[in-house]
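Colleague: Numbering (the numbering used here), first residue to last: 741 to 1041.
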Amino acid sequence: MHTILVTGTNGLLGQKILYALKKLDVQIIAVAKGPNRTANKYGYHYIDADVTNTTLMTLIFETYRPQTLIHTVALTNVDACETQQDLCWQLNVTVVEQLGQLCQKHHTHFIHLSTDFVFDGTAGPYSETDLPNPLSVYGKSKLASETVVSSLPTPWAIIRTIIIYGVVDDGQRSNLVLWVKQALENKQTINVITDQIRNPTLAEDLANACIACALQKATGIFHVSGPENLSIWDCAIATATFFNLDTAFMQPITTATLKQPAMRPLITGFNIQKAKTVLHFKPHTLQQGLALVAQQLNNKN
Ligand SMILES: NC(=O)c1ccc[n+]([C@@H]2O[C@H](COP(=O)([O-])OP(=O)(O)OC[C@H]3O[C@@H](n4cnc5c(N)ncnc54)[C@H](OP(=O)(O)O)[C@@H]3O)[C@@H](O)[C@H]2O)c1
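1) Check whether the region 809–820 touches the region 831–842, taking contact to mean three or more Cβ pairs, one atom from each stretch, closer than 8 angstroms.
2) How is the alpha helix (DSSP H) around D974 delimited, first residue to last?
3) Counting pairs of Cβ atoms below 8 angstroms between the region 748–755 and the region 962–977, do you hit three or more?
4) Return helix, strand or coil for I898, following the three-state DSSP convention.
5) Between which residues of its own chain and G1029 is the CB-CB distance below 6 angstroms, once the five residues before and five after are set aside?
6) Kindly identify the DSSP beta-bridge partner or partners of D788.
7) According to DSSP, is Q1028 helix, strand or coil?
8) Out of N984, I899, I977 and A947, point me to the one whose CA is closest to L761's CA.
9) Are the region 978–988 and the region 797–808 in contact at 8 angstroms, needing three or more beta carbon pairs?
10) On the DSSP letters alone, give me the boundaries of the beta strand (DSSP E) that V932 sits inside.
11) Assess contact between the region 886–894 and the region 835–853, defined as three or more Cβ pairs (one per stretch) separated by less than 8 angstroms. Is contact present?
12) Less than 7 angstroms between the beta carbons of T778 and D909, yes or no?
13) For ligand 1, any of its heavy atoms closer than 6 angstroms to the Cβ of D765?
14) Does M741 pass the burial test, meaning 16 or more other C-beta atoms within 10 Å, or should it be called exposed?
15) Count the C-beta pairs between the region 910–922 and the region 1005–1025 that are closer than 8 angstroms, then say yes if the count reaches three, no if not.
16) Verify the CB distance criterion: does I930 have a CB-CB separation below 7 angstroms to chain D?
17) Nearest CA to the CA of Y878: which residue from Q824, N780, Y804 and L1006?
18) Can you list, in chain order, the residues of its chain with a C-beta nearer than 6 angstroms to that of K880? Leave out the 5 residues immediately preceding and following it.
19) By how many angstroms is the C-alpha of M990 removed from the C-alpha of Q928?
20) To the nearest angstrom, how far is it from the Cα of P865 to the Cα of D856?
21) Cβ of L998 versus every heavy atom of ligand 1: is any distance shorter than 6 angstroms?
22) Check this for me: beta carbons of W896 and T934, under 7 angstroms apart or not?
23) Closest to S867 by C-alpha separation, out of L839, I899 and Q844, would be which residue?
24) At which residue ranges does the region 775–845 contain complete beta strand (DSSP E) runs of 3 or more residues, listed in the order of the chain?
25) Any heavy atom of ligand 1 closer than 6 angstroms to the beta-carbon of A814?
26) Take the Cβ of G906 as the centre, count every other Cβ of all protein chains shown within 10 Å, and call the residue buried at 16 or more, exposed below.
27) Any heavy atom of ligand 1 inside 6 angstroms of the beta-carbon of N750?
28) In terms of alpha-carbon separation, which member of Q936, T792, C975 and L745 lies closest to T848?
29) Ligand 1 heavy atoms versus the CB of R938: any closer than 6 angstroms?
30) Taking only three categories from DSSP, how would you classify Q1036?
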C-alpha cells in the first residue's frame, strides 16, 4: 500500500490533505506538534512530533518507510519571520535539509510547499519558469528551501501557492476570508490593503493538487492557486458581500501606509496552466469557495 507521510496536519492545508487522503486506499502517517486538533481522529496514524527533532523524524521514516512525504510545516507568519529570523531559518530551511536527507535515504518522493513570496511582485502573474527574487526573510527562506529540495537526487516536487483560505477544525488559525467575516460580524473596523494583487486559493483545491502530485509521482515546480487575480480589497469585498456583511467597517489602505514589518510583493498571482495539464487541477472560483466555507461553518454550528 502507498504510504504517505504528511507533516503539519494541525494546520490549514495539512488538515485538508488528511481529510482528502482518508477517502483513498493509502496508509496515512500524520505528523504534527502536540495533541491532534483534527476533529476526525480515525483512519490514520497520528504522531505527535516536532519536525525539528531529527531523531524522532528518523525513527518515523525508519518505521513507516513512506513512498511520499508532503511537507506543509513552515513558519508561515511573514512578519514573525522578519523578527525571529533564526527560528524562521531553522523551520523553513534546516528542517527541509534534514527531511531531504531522509527522503534520499528511503527513496521517498518529496513534495514541498512554497509560496508566491519567492517573487518580487513586479511582474505577476508568474509562471514556473519566471525568476524568483524574494523581498522578505520568509520569501528568502522558502526560496532557500526550494534550492535544497530541487538539488535532491530523489524525486521531488515543489508546489507554490498563494493566500490559502478555508475552515480549520479547531479554529485556532485565521485566514483572509475568516478574518474579514469575523471582524465585520463583530462590527470591528479593519484596514484592508488595496494594492496587493493575489490569487486566493481554496485549501481543499490545494490539498487535491498535492495528492494528485503524490499519486502521479509528478516532479518539478507547480504553480497551484485559485483561478482569479484579485486585490486583497476585492477578496474582502467578495467575502463581505457573500456573507451579507457591512463593508463600512472596511478601511482601504495601501501597502506603503500600512508599513508591515516584512516587505510584500505587490502583484503576484500565478499562471496555473501546468497544474491544470499535468495534475488535472480544477480550482473553484472565490464565489464557489466561499459557498463551501459557509457550508462547513454551518455544519460546525
Ligand atoms: N497560508 C498561506 O496563505 C500560504 C501561502 C503561500 C504558501 N503557503 C505555504 O503552504 C504551507 C502550508 O501553509 P498553512 O497555511 O497550512 O500553514 P499553517 O496553517 O500555519 O500550518 C503549519 C503547521 O505547521 C505546524 N508546525 C509549526 N512548527 C512545527 C514544528 N516544529 N513541528 C511540527 N509542526 C510544526 C504548525 O503547528 P501549530 O498549529 O501547532 O502551531 C501548523 O499546524 C506552508 O509551507 C506555507 O509556507 C501558505
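For glycine and all other residues, C-beta sits at the position ideal for the given N, C-alpha and C.
Modeller: Put simply:
1) yes
2) Within the sequence shown, numbered from 1, the residue matching residue 974 stands at position 234. Run containing D974: I972 to F982, per the alpha helix (DSSP H) assignment.
3) no
4) Taking the first residue of the sequence shown as position 1, residue 898 is located at position 158. Of the three classes helix, strand and coil, the one that applies to I898 here is strand, per DSSP.
5) The count along the sequence shown starts at 1 and reaches residue 1029 at position 289. Within the same chain, G1029 has close Cβ partners L942.
6) Sequence index remark: in the sequence shown, residue 788 carries index 48 (1-based). Answer is A772.
7) On the sequence shown, position 288 is the one that residue 1028 refers to. In the structure shown, Q1028 sits in a helix (DSSP, three-state: H, G or I).
8) In the sequence shown, the residue the question calls residue 761 occupies position 21. The residue with the shortest Cα to Cα distance from L761 is A947.
9) With contact defined as three or more Cβ pairs closer than 8 angstroms, the region 978–988 and the region 797–808 are not in contact.
10) Here residue 932 corresponds to residue number 192 of the sequence shown, with the count starting at 1. Its beta strand (DSSP E) spans residues I930 to I933.
11) yes
12) Reading the sequence shown from its first residue, position 38 is the one you call residue 778. Reading the sequence shown from its first residue, position 169 is the one you call residue 909. Going by C-beta atoms, T778 is nearer than 7 angstroms to D909.
13) In the sequence shown, residue 765 corresponds to position 25, counting from 1. No, Cβ of D765 sits at least 6 angstroms from all heavy atoms of ligand 1.
14) Position 1 of the sequence shown, counting from 1, holds the residue named residue 741. M741 is exposed by the Cβ-count criterion.
15) no
16) No chain D appears in this structure, which consists of one protein chain only.
17) Locating residue 878 in the sequence shown gives position 138, where the first residue counts as 1. Ranking the options by Cα distance to Y878, first place goes to Q824.
18) Position 140 of the sequence shown holds residue 880. The residues are P874.
19) By 1-based counting over the sequence shown, the position of residue 928 is 188. By 1-based counting over the sequence shown, the position of residue 990 is 250. Their Cα atoms are separated by approximately 9 angstroms.
20) As a working mapping, residue 865 is identified with position 125 in the sequence shown. As a working mapping, residue 856 is identified with position 116 in the sequence shown. Rounded to the nearest angstrom, the gap between the Cα atoms of P865 and D856 is 10 angstroms.
21) Residue 998 sits at position 258 when you count from the first residue of the sequence shown. Checking the Cβ of L998 against ligand 1 gives no.
22) Position 156 of the sequence shown, counted from the first residue, corresponds to residue 896. Position 194 of the sequence shown, counted from the first residue, corresponds to residue 934. It is not a contact, given that the beta carbons lie outside the stated cut-off.
23) Walking along the sequence shown from the start, residue 867 turns up at place 127. S867 has its Cα closest to that of I899, out of L839, I899 and Q844.
24) 785–788 and 808–811
25) Within the sequence shown, the letter at position 74 stands for residue 814. Under cutoff, so the answer is yes.
26) Along the sequence shown, read from residue 1 onward, the residue named residue 906 stands at position 166. By the neighbour-count rule (16 or more Cβ atoms within 10 Å), G906 is buried.
27) Within the sequence shown, the letter at position 10 stands for residue 750. It does: the Cβ of N750 is within 6 angstroms (strictly closer) of some heavy atom of ligand 1.
28) Stepping through the sequence shown from its first residue, residue 848 is reached at position 108. Looking at the Cα atoms, L745 is the closest of the given residues.
29) Within the sequence shown, the letter at position 198 stands for residue 938. Outside the cutoff, so no.
30) In the sequence shown, residue 1036 corresponds to position 296, counting from 1. Q1036: helix per DSSP, three-state reduction.
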